[in-house]
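Trainee: Sequential numbering from 1 applies to the sequence shown in the UniProt record's numbering.
Structure below; questions to follow.
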Amino acid sequence: MTEHRKTALITGATGGIGSALAECLASDYHLILAGRDGAKLADLAERFPEARVLALHLDQPASLADAVHGIDRLDALIHNAGVVDLATVEAASLDEWQRTLTINLVAPAELTRLLLPALRAARGHVLFVNSGAGLTANPGWGSYAASKFGLRALADALRGEEAPHGVRVTTVYPGRTATDMQRKVRNQEGGEFVAEAYIRPDSVASTIRAALLLPRDAHLTDLTVRPGS
């Protein structure tokens, strides 16, 4: 009998942590690499010829059902995609709130719901790449932190609901990581982007891999990763 090869779907696979995850997990899983930018997805397809690339528009959750139709077994669903726009509660627009909450929270909830049968079939693992902002909300971070607090609540509820089905759920809270998103954040904060001061994306990816590949008798539920000295 041919041994089942594990499959992992990574959202935000064209970004810093997502790309590092693809590198880190390529030898362990058949990869489904999801993103929204066609040119970047084409580049991923060249870098990972054995992977499947998948266009997902997380700002349109109603479109996700068609996009993931046919995935009937999934060992790992890694929610890595996200957006951030810093603004005070006074200054943040309705559109900014709706976009942030839709992409960072509503879409992961809907994607998880759609893929639960495939995850249950594999006794798989859902992993949410959260943020330090999912633990503490600072001034100017209201909409982003709200989306990440919500993501934490989603993970906690899902963990209890899916335990009878053998589905594990982990949340990882990375600190500031040397990615293009962090570069954007530092620009919005009016500060300098110094890559050496932050966590490398491959370090976050290695942490995620360790959580995913734990034996079945262990379950890492929450992991906080901070820049080293």
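The beta-carbon is built from N, C-alpha and C at its ideal position, and this holds for glycine as well.
From HIS79 to LEU151, what does the alpha carbon distance come to, in whole angstroms?
Mentor: Counting from 1 along the sequence shown, the entry for residue 79 is found at position 79. Counting from 1 along the sequence shown, the entry for residue 151 is found at position 151. About 10 Å.
Trainee: Return helix, strand or coil for GLN98, following the three-state DSSP convention.
Mentor: Counted from its first residue, the sequence shown places residue 98 at position 98. Helix.
Trainee: Could you tell me the distance, in whole angstroms, from the CA atom of VAL84 to the CA atom of GLU46?
Mentor: Numbered from 1 along the sequence shown, position 84 holds the residue referred to as residue 84. Numbered from 1 along the sequence shown, position 46 holds the residue referred to as residue 46. Using only the alpha carbons, I get a separation of about 28 Å.
Trainee: My assumption, with CB atoms under 8 Å, is that ASP28 sits in contact with LEU213. Please give the rounded CB distance.
Mentor: The residue given as residue 28 occupies position 28 in the sequence shown. The residue given as residue 213 occupies position 213 in the sequence shown. Confirmed, Cβ separation roughly 7 Å.
Trainee: Take every Cβ of the segment 97 to 108, pair it with every Cβ of the segment 137 to 154, and state whether three or more of those distances are shorter than 8 Å.
Mentor: Short answer: they touch.
Trainee: Helix, strand or coil for LEU214 per DSSP?
Mentor: The residue you call residue 214 lines up with position 214 of the sequence shown. Looking at LEU214 - three-state DSSP - the assignment turns out to be coil, as it is neither helix nor strand.
Trainee: Assign ARG176 to one of three DSSP states: helix, strand, or coil.
Mentor: Taking the first residue of the sequence shown as position 1, residue 176 is located at position 176. Of the three classes helix, strand and coil, the one that applies to ARG176 here is coil, per DSSP.
Trainee: Please report how far the alpha carbon of GLY16 lies from the alpha carbon of CYS24, in whole angstroms.
Mentor: As a first step, residue 16 must be located in the sequence shown, where it is residue number 16. As a first step, residue 24 must be located in the sequence shown, where it is residue number 24. Roughly 12 Å separates the two Cα atoms.
Trainee: How big is the Cα-Cα spacing for LYS6 and GLU50?
Mentor: Along the sequence shown, read from residue 1 onward, the residue named residue 6 stands at position 6. Along the sequence shown, read from residue 1 onward, the residue named residue 50 stands at position 50. About 13 Å.
Trainee: Drop a sphere of 10 angstroms on the beta-carbon of HIS4, count the other beta-carbons inside from all chains shown, and report buried for 16 or more, exposed for fewer.
Mentor: As a working note, residue 4 is residue 4 in the sequence shown. Around the C-beta of HIS4, fewer than 16 other C-beta atoms lie within 10 Å, and the residue is accordingly described as exposed.
Trainee: How would you call ASP75, buried or exposed, if buried means at least 16 neighbouring beta carbons within 10 angstroms?
Mentor: Residue 75 sits at position 75 when you count from the first residue of the sequence shown. Buried.
Trainee: Determine the DSSP secondary structure at THR221, reduced to helix, strand or coil.
Mentor: Residue 221 sits at position 221 when you count from the first residue of the sequence shown. Note: THR221 maps to coil in three-state DSSP.
Trainee: Given this structure, state the Cα-to-Cα distance separating ASP95 from VAL53, to the nearest angstrom.
Mentor: Taking the first residue of the sequence shown as position 1, residue 95 is located at position 95. Taking the first residue of the sequence shown as position 1, residue 53 is located at position 53. Roughly 29 Å separates the two Cα atoms.
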